[in-house]
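Numbering (the working numbering), first residue to last: 245 to 467. Note that the Cβ used here is the ideal one computed from N, Cα and C, for glycine as well. All remarks here apply to the structure that follows.
Here you go:
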């Protein structure tokens, strides 16, 4: 467990981060990880406040421990991808989760998955969690539920915002600057326009094409 900044921690779970965010009244666990770690035990190492759970999206490495809770927050566009028993509480763009003197705003970023979100910690000018923005990582864009056009539109909309400086992604480098966003947009556009040469790989039994854009790699369906 590592403290990222005041009342904010990250736990690495085989390459995916679980985040713990505390206010004065409760704490929020962001994603439940890859291996089903004991989430309440993890939260208890940081605080004795009651804990709630939020999923940035429904990929298995982010929801493996969700059934440890009766309910959790997630964008409803992810419902068709989620097969756990916990009850989903729908959240949408602009919704605010108040932890007590700490408000977190939901930012919807479809593309990687239809309901991918990140959280804006406005007071600390940063985004927390999610897969769309990474540095030196693999962004999965293969499968019928991924959409590169939606991904580009999401990042262009995000780039126009002026209320954050840094991002704490769920994978790869721990903290990245917003300066990476235009590079991700351009890389995605170059892939769609056929300007990049990809490398064939196999990931989790899927034949994919990996495109290295310098700051990241996009893993896409073969043409």
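With 16 or more other Cβ atoms from the protein chains shown falling within 10 Å of its own Cβ, residue 354 counts as buried. Residue 388 counts as exposed, since fewer than 16 other C-beta atoms from the protein chains shown sit within 10 angstroms of its C-beta. Following the DSSP letters along the chain, one finds residue 304 in no beta strand (DSSP E) but inside the alpha helix (DSSP H) bounded by residues 304 to 307. For residue 437, the three-state secondary structure derived from DSSP is coil. By alpha-carbon distance to residue 291, the top candidate from 273, 461, 393 is 273.
Residue nearest to residue 351 within the set 373, 383, 417 is 373 (criterion: CA-CA distance).
Judged by beta-carbon spacing, residue 259 lies beyond the 8 angstroms limit of residue 450, meaning their Cβ atoms are not closer than that value.
Secondary structure at residue 261: strand, using DSSP grouped into helix, strand and coil. Sequence-distant partners of residue 251 (beyond 5 residues in either direction) whose C-beta falls short of 6 angstroms from its own C-beta, in its chain, are 266. Separation of residue 294 and residue 314 (C-alpha to C-alpha, rounded to the nearest whole angstrom) is 13 angstroms.
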